[in-house]
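Here is the structure we will look at.
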Amino acid sequence: MIFSIFIFYNFINYGFLLGPRIILNKTITNFDLTNKVSDIQSLLFAGKGRLGFLGYSPWYLFIFLLFIWKWKKTSQYVKIWILTFVLNLILVSIFTPNNSNIDWGSRYLTCSVFIPLLLLSEIKISMNIFWSFRKNSKFKKTYENKVELPKIENIEIKENYKKIILFGLLILILYSISVNFKMIQLMRKISIQLSEIQSEIPWDNSKIFITSKSNIANTFGLNYFSQTILLIKKPKDLIQILQLHPNERFILIEDKLDKPWSESIRNQFVNKLKITIIKSPKVHLRFTEIQSR
Numbered sequence: 001m002i003f004s005i006f007i008f009y010n011f012i013n014y015g016f017l018l019g020p021r022i023i024l025n026k027t028i029t030n031f032d033l034t035n036k037v038s039d040i041q042s043l044l045f046a047g048k049g050r051l052g053f054l055g056y057s058p059w060y061l062f063i064f065l066l067f068i069w070k071w072k073k074t075s076q077y078v079k080i081w082i083l084t085f086v087l088n089l090i091l092v093s094i095f096t097p098n099n100s101n102i103d104w105g106s107r108y109l110t111c112s113v114f115i116p117l118l119l120l121s122e123i124k125i126s127m128n129i130f131w132s133f134r135k136n137s138k139f140k141k142t143y144e145n146k147v148e149l150p151k152i153e154n155i156e157i158k159e160n161y162k163k164i165i166l167f168g169l170l171i172l173i174l175y176s177i178s179v180n181f182k183m184i185q186l187m188r189k190i191s192i193q194l195s196e197i198q199s200e201i202p203w204d205n206s207k208i209f210i211t212s213k214s215n216i217a218n219t220f221g222l223n224y225f226s227q228t229i230l231l232i233k234k235p236k237d238l239i240q241i242l243q244l245h246p247n248e249r250f251i252l253i254e255d256k257l258d259k260p261w262s263e264s265i266r267n268q269f270v271n272k273l274k275i276t277i278i279k280s281p282k283v284h285l286r287f288t289e290i291q292s293r
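According to full-length UniProt numbering, the residues represented by the sequence shown are 1 to 293, in order.
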């Protein structure tokens with residue numbers, strides 16, 4: 001019943017049963033190799049101003065390379081985990097649009113974190129086996145006094161090898177913790193900035209709000225449910241809207257660094273355009289009230 005209401009609501013409001021987000025995801029059918037490579041790089045490593053899945057936690061890759069290196073000695077179920085992980089990365093990278101404006105595109109791969117965590121336990125088990133072997137070797141040396149030197153040297157090499165692996169893994173884990181901690185701080189800062197922006201915008205149900213920048217539109221939050229907001233691409237779109245809706249009041253929201261659109265469209269409305277510059281707010285946005293007569 002709930003699902004039926006959901007698809008009915010989507011069909012009435014958006015003309016599509018599964019809603020606007022699924023409509024936006026249809027961009028994956030417009031395959032462009034250059035854009036797709038860029039998206040995959042951004043999703044898995046880094047790019048487009050964001051860190052990807054392995055950019056946040058490179059120790060995932062370290063663990064898998066370690067097990068792939070020991071592939072012949074790796075158990076069958078661990079091989080299945082590794083293949084599942086790799087297949088998931090490939091499929092998600094291909095079929096995810098990764099076109100959002102937020103900084104954590106790697107959220108598409110959130111479920112992938114469980115397999116590296118499972119493999120950590122496998123490393124722990126193998127280390128315990130090695131530690132047990134080392135203790136037994138010392139025991140034989142103490143009580144039998146018949147341990148061959150080459151075997152002792154091999155044990156020491158393996159021990160140093162283990163220490164190097166653990167040290168590398170520890171460094172990568174500490175890096176991941178540091179990056180995530182900094183990202184949490186950044187998200188808090190962004191949250192404060194968003195609150196400031198939303199409080200500065202002169203919200204009014206009787207007015208229509210227009211912007212041409214998606215990064216500005218993405219700051220409006222819950223106001224989408226109570227306000228009329230339009231995202232347009234070119235000044236001619238604004239001209240067309242003003243011509244079709246005379247006497248309506250519009251609030252044009254722009255970046256202060258951009259050239260004001262209100263100036264570029266003034267010639268299209270000789271003595272028919274009322275432009276009011278709203279007091280400049282603290283944030284780096286320009287608010288202009290426009291009304292065609």
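Positions of the beta carbon are idealized from the N, C-alpha and C atoms, including for glycine. Please read all numbers here as calculations on a predicted model, not as lab measurements.
Look at T219 here: in three-state DSSP terms it is coil, with no helix or strand label. Under the three-state reduction of DSSP, T96 is assigned to coil, being neither helix nor strand. Considering only I164, L174 and V86, the residue with the shortest C-alpha distance to Y56 is L174.
DSSP, reduced to helix, strand and coil, places K274 within a strand of the structure shown. Within the same chain, P58, W59 and F62 come within 6 Å of L172 by CB-CB distance, once the 5 residues on both sides are set aside. Under the three-state reduction of DSSP output, E248 falls in the coil class, being neither helix nor strand.
When secondary structure is reduced to three states using DSSP, I241 falls in the helix class. Taking 8 Å as the cut-off, the beta carbon of I251 is found closer than this to the beta carbon of I210. Close CB contacts of N205 within its chain, under the 6 Å cut and outside five residues either way in sequence, are absent. Residue pairing by DSSP puts T228 in a beta bridge opposite I208. The criterion of a C-beta distance shorter than 8 Å is not satisfied by W203 and N218.
Per DSSP, reduced to three states, the secondary structure at T34 is helical. Pairing Y77 with S176, the inter-Cα distance amounts to about 27 Å. According to DSSP, residue pairing for S292 in a beta bridge involves L273. In this structure, the straight-line span from the alpha carbon of K259 to that of G19 is close to 35 Å. Per DSSP, L186 has no beta-bridge partner at all. The beta carbon of Q193 lies closer than 6 Å to none in the same chain, with the five residues before and after it left out. Counting along the chain, no alpha helix (DSSP H) covers N267, and no H or E run does either. Only residues of its own chain outside the window of five on either side were considered, and among them K272 have a CB closer than 6 Å to the CB of R293, listed in chain order.
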